[in-house]
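Below you'll find the structure, written out as structure tokens, and then a few comments.
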DNA sequence: CTAGGGTTAG
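In UniProt numbering, the protein residues as written are 1 to 758.
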């Protein structure tokens with residue numbers, strides 16, 4: 001009933017507004033303060049577009065305090081705090097003294113100015129107005145210090161219900177459950193708002209049992225109370241409860257308002273539940289509900305998360321001038337999520353007033369789609385524009401540093417965190433663990449891990465994967481036991497990490513036992529196991545294992561077998577694995593190269609030639625990945641035969657000198673180790689490509705003797721390169737960390753940390 | 001005229 005009433009009222013008011021406007025024009029009353037004030041008041045009620053309201057406002061020559069009050073209210077309802085402050089400024093310039101009606105609006109507008117306005121109120125003598133006082137108390141309750149709110153509360157001679165309510169919410173805001181409860185118990189006349197505040201308070205503490213207890217005991221409930229309980233369940237991921245309560249609410253005859261829709265719609269998005277979403281949309285359409293900007297934004301996000309980007313864009317365009325910053329941000333991250341970075345960036349550049357979330361969305365978009373360098377460059381832009389990053393920004397940046405192996409910039413970021421006192425939560429610490437392990441700094445990775453108060457499965461997985469890459473199998477296996485002890489359930493990623501560690505660390509039996517303990521192994525686990533058996537020379541067992549698989553083996557499984565066949569020179573199994581791979585991924589040149597390496601090592605040159613022919617006929621192109629080298633915080637990009645680097649000449653000079661030194665030291669310098677000699681011939685391509693990256697790194701190391709060089713990405717090391725590294729690290733007397741695809745090699749004084757190498 | 005509920009980023 002009540003919603004029908006409001007809807008009718010709204011329609012009537014909208015009609016009234018139009019008529020009023022027309023009449024005002026007719027009687028040239030558009031500059032009359034009384035009528036303008038009334039008009040703006042109506043605009044506020046009807047959520048009129050800001051452009052329209054500001055036009056109405058501008059038509060007044062000398063706005064009075066009523067006009068200002070109403071327009072301030074309008075912007076305050078929109079949450080446009082900067083406009084509120086601007087108008088207050090204008091108000092003073094127009095010599096209009098703010099009255100007791102204005103201050104509550106101003107005080108609520110911004111955290112930053114609340115205290116200033118408090119002082120203002122005292123000066124103007126408005127601080128004894130009960131509404132002003134309530135607003136001030138509310139402000140301190142929200143933004144702190146809570147003690148001041150409490151002092152004000154205690155000073156009030158006759159406390160109104162609103163004063164109690166503001167104080168109770170204040171206590172909840174600062175996590176003071178005991179105080180909130182005792183105030184609640186002391187309070188003489190509680191109303192719906194009081195009860196709802198208790199429900200919200202417990203929901204935010206994730207204490208849903210108590211929240212529900214208060215909700216059930218409420219003498220009466222408003223839509224807001226239902227919303228509070230719904231959002232309590234939604235925030236804590238209890239999807240079924242939300243649906244159940246929502247249905248209960250409908251059967252109680254309570255009409256959902258816009259907030260209800262926002263809560264329920266956003267629940268669908270976080271669940272990615274398309275069928276639930278469909279049902280909701282049908283319900284909304286059947287009821288003929290008109291959604292506001294918040295709900296439309298939630299709907300946009302829901303479609304995006306359920307994979308219907310076209311629908312998202314449609315809502316975005318239909319919103320026209322009604323969309324707010326959140327709508328923009330939701331659309332940006334929608335594009336970023338599917339990897340459409342061009343569209344995301346296009347929108348980002350058009351956002352009228354970017355906030356931290358706009359930046360976070362676009363930076364995370366690049367970071368998650370393999371464009372770590374762009375992510376970091378954007379972050380630098382952001383800093384240059386004096387936008388202060390928050391934890392979420394830093395998570396993306398730190399993770400991007402990890403992907404690039406950019407430890408220098410990563411360390412800068414860590415300092416930045418301390419300098420600006422940005423606190424990291426679990427995901428932040430996880431990003432740090434990731435970065436340190438990707439950069440080969442397991443000591444610091446472990447230090448972060450140890451320092452965490454709470455760890456989740458991702459913390460463990462990240463560290464385990466780090467140890468696996470570094471070849472520290474025992475540490476990885478111990479972590480698996482430790483997490484089980486802490487009652488954190490290992491997932492499929494955990495087992496991939498541990499098995500990889502066993503494989504790299506040579507723990508055959510342990511790995512086998514762990515593999516057998518996996519309840520539901522998938523293709524990735526089989527691939528790890530084939531790798532483990534293969535590295536230990538048990539190739540026939542590996543083939544048997546593949547035969548026993550319940551599902552179709554993916555390329556990784558045969559890839560492991562192919563690699564092992566190459567190492568152990570098993571032509572028969574190599575041919576078997578390769579033939580499967582040519583079917584599954586005919587475009588992957590690596591498989592052809594690997595098989596022909598096997599033939600080459602057996603000197604079966606006619607087969608090598610045959611494969612080459614096959615590649616040409618099949619149109620298989622060698623793909624060469626870029627390599628990145630971090631040097632004094634800057635990332636340098638190289639590719640085979642590349643001479644585009646600005647210091648190319650220096651690098652080449654040093655390379656040839658290095659080659660000479662190596663020869664003098666009695667080593668036969670592999671020509672593929674030296675950039676200038678990289679030629680595309682025979683089967684040297686693979687070796688050549690990777691050696692080149694090393695070579696460039698060495699060159700930088702030698703030309704810049706005090707710098708730290710990290711070689712990252714796409715690196716696989718041949719024996720000859722090891723020789724080269726040994727000599728150079730001996731010559732320079734420093735430690736070099738080199739990462740290859742699967743592990744780290746830490747060289748110092750001719751020593752290498754890894755036990756077996758390719 | 002106060003006080004209680006809602007959308008976006010990891």
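Even for Gly, the Cβ is constructed at its ideal location relative to N, Cα and C. As the structure is a prediction and not an experimental result, all values here were calculated from the model.
task: Starting from the Cα of residue 289, find the closest Cα among 565, 259, 420 and give me that residue.
output: Position 289 of the first chain holds residue 289. It is 259 whose Cα lies nearest to the Cα of residue 289.
task: With residue 412 as the anchor, note down where its alpha helix (DSSP H) starts and where it stops.
output: Within the first chain, residue 412 is the residue found at index 412, counting from 1. That run of the alpha helix (DSSP H) goes 407-419.
query: Under the three-state reduction of DSSP, which class applies to residue 457: helix, strand or coil?
result: Position 457 of the first chain, counting from 1, holds the residue named residue 457. Correct three-state label for residue 457: helix.
message: With a threshold of 7 Å (Cβ to nearest heavy atom), would residue 647 be considered close to the ligand ZN?
response: Among the ligands in the structure shown, none appear at all, so the ligand ZN cannot be discussed.
- request: For residue 138, count neighbouring C-beta atoms within 10 Å of its own C-beta (all shown protein chains included) and say buried if the count is 16 or more, exposed if not.
  value: By one-based count along the first chain, residue 138 stands at place 138. Under this definition residue 138 is a buried residue.
message: Between the region 99-116 and the region 73-85, can you find at least three pairs of beta-carbon atoms closer than 8 Å?
response: yes
field: residue 562 vs residue 581 beta-carbon contact at 8 Å
entry: Here residue 562 refers to the residue found at position 562 of the first chain. Here residue 581 refers to the residue found at position 581 of the first chain. Result yes, Cβ atoms of residue 562 and residue 581 sit closer than 8 Å.
- prompt: To the nearest angstrom, how far is it from the Cα of residue 152 to the Cα of residue 39?
  reply: Working through the first chain from its first residue, we reach residue 152 at position 152. Working through the first chain from its first residue, we reach residue 39 at position 39. In a straight line, the C-alpha of residue 152 is about 36 Å away from that of residue 39.
query: If you count every other CB in all the chains shown that lies within 10 Å of the CB of residue 359, and 16 or more means buried, which is it?
result: Here the question's residue 359 lines up with position 359 in the first chain. With 16 or more Cβ atoms within 10 Å of its Cβ, residue 359 is classed as buried.
field: Contiguous alpha helix (DSSP H) assignments of at least 4 residues, all confined to the region 529-615
entry: 539-547, 555-567, 571-584, 589-601
task: Could you spell out the range, first to last residue, of the alpha helix (DSSP H) harbouring residue 770?
output: Given a span of 1 to 758 for the chain in the structure shown, any question on residue 770 remains unanswerable.
Residue 645, DSSP secondary structure in three states: To locate residue 645, count along the first chain from 1; it is residue 645. Residue 645 falls in the coil class under three-state DSSP.
query: Just checking my contact of residue 344 with residue 336 at CB under 8 Å: how many whole Å lie between their CB atoms?
result: Position 344 of the first chain, counting from 1, holds the residue named residue 344. Position 336 of the first chain, counting from 1, holds the residue named residue 336. That pair is a contact at about 4 Å.
- prompt: If you run the structure through DSSP and keep just helix, strand and coil, what is residue 502?
  reply: Position 502 of the first chain, counting from 1, holds the residue named residue 502. Three-state result, residue 502: helix.
query: Secondary structure at residue 777, three-state DSSP: helix, strand or coil?
result: Limits of the chain in this structure are 1 at one end and 758 at the other, which puts residue 777 out of reach.
task: Tell me whether the beta-carbon of residue 378 lies closer than 8 Å to the beta-carbon of residue 363.
output: For this step, residue 378 is matched to residue 378 along the first chain. For this step, residue 363 is matched to residue 363 along the first chain. It is a contact, given that the beta carbons lie within the stated cut-off.
- prompt: Tell me which same chain residues have a C-beta within less than 8 Å of the C-beta of residue 291, skipping the five on either side of it?
  reply: As a working note, residue 291 is residue 291 in the first chain. Here the set comprises 258, 261, 284, 299.
- request: Use the C-beta contact count for residue 226: other C-beta atoms within 10 angstroms, 16 or more gives buried, fewer gives exposed.
  value: The count along the first chain starts at 1 and reaches residue 226 at position 226. Counting Cβ neighbours within 10 Å, residue 226 comes out buried, since at least 16 surround it.
- request: Check residue 50 in the structure and name its three-state DSSP category.
  value: Locating residue 50 in the first chain gives position 50, counting from the first residue. Residue 50: helix per DSSP, three-state reduction.
field: With 16 other Cβ atoms within 10 Å as the buried cut-off, status of residue 472
entry: Translated into positions along the first chain, residue 472 becomes position 472. With 16 or more Cβ atoms within 10 Å of its Cβ, residue 472 is classed as buried.
task: Report the residue from 253, 305, 293, 254 whose alpha carbon sits nearest the alpha carbon of residue 278.
output: Translated into positions along the first chain, residue 278 becomes position 278. It is 305 whose Cα lies nearest to the Cα of residue 278.
- prompt: Can you list, in chain order, the residues of its chain whose CB lies under 7 Å from that of residue 528, leaving out five sequence neighbours each side?
  reply: As a working mapping, residue 528 is identified with position 528 in the first chain. 496, 499, 500, 503, listed in sequence order.
- prompt: Does DSSP classify residue 689 as helix, strand or coil?
  reply: Position 689 of the first chain holds residue 689. Below a pLDDT of 50, predicted positions are generally treated as unreliable, and residue 689, at 43, falls in that range; no measurement from the model is reported.
- prompt: Based on Cα-Cα distance, which residue from 331, 405, 293 lies nearest to residue 319?
  reply: In the first chain, counting from the first residue as 1, residue 319 sits at position 319. Of 331, 405, 293, the residue nearest in Cα terms is 293.
field: residue 279 - DSSP class collapsed to helix/strand/coil
entry: On the first chain, position 279 is the one that residue 279 refers to. If DSSP states are grouped into helix, strand and coil, residue 279 belongs with the helices.
- request: Could you tell me which of 316, 171, 150, 365 sits nearest to residue 339, measuring between CA atoms?
  value: By 1-based counting over the first chain, the position of residue 339 is 339. The option with the nearest alpha carbon to residue 339 is 365.
message: On the criterion of 16 or more Cβ atoms from any shown chain inside 10 Å, does residue 70 qualify as buried, or is it exposed?
response: Mapped onto the first chain, residue 70 falls at position 70. Its Cβ being crowded by 16 or more others within 10 Å, residue 70 is buried.
- prompt: Rounded to whole angstroms, how far is the Cβ of residue 43 from the Cβ of residue 63, which I believe are closer than 8 Å?
  reply: Translated into positions along the first chain, residue 43 becomes position 43. Translated into positions along the first chain, residue 63 becomes position 63. Actually they are not in contact, since the Cβ atoms of residue 43 and residue 63 sit about 15 Å apart, beyond 8 Å.
message: Let's test the definition: count the other Cβ atoms within 10 Å of the Cβ of residue 125 and tell me whether it reaches 16, buried, or not, exposed.
response: Here residue 125 refers to the residue found at position 125 of the first chain. Exposed.
- prompt: What are the boundary residues of the alpha helix (DSSP H) that residue 316 is part of?
  reply: Numbered from 1 along the first chain, position 316 holds the residue referred to as residue 316. Where residue 316 is concerned, the enclosing alpha helix (DSSP H) stretches over 309-319.
- prompt: Hey, how far is the Cα of residue 68 from the Cα of residue 417?
  reply: As a working mapping, residue 68 is identified with position 68 in the first chain. As a working mapping, residue 417 is identified with position 417 in the first chain. Taking the straight line joining both Cα atoms gives about 42 Å.
- request: Rounded to whole angstroms, what's the CA-CA distance from residue 470 to residue 564? Just pull it up for me.
  value: Locating residue 470 in the first chain gives position 470, where the first residue counts as 1. Locating residue 564 in the first chain gives position 564, where the first residue counts as 1. Straight-line Cα distance between these residues: approximately 20 Å.
field: Of the listed residues 178, 177, 118, 244, nearest to residue 149 (C-alpha basis)
entry: As a working note, residue 149 is residue 149 in the first chain. For residue 149, the nearest C-alpha among the options comes from 118.
field: Same chain only: Cβ atoms within 7 Å of residue 239, ignoring 5 sequence neighbours per side
entry: Position 239 of the first chain, counting from 1, holds the residue named residue 239. The residues are 267, 271.
query: Which runs of the beta strand (DSSP E) fall wholly inside the UniProt repeat "PPR" (355-389) and span at least 3 residues, in chain order?
result: none
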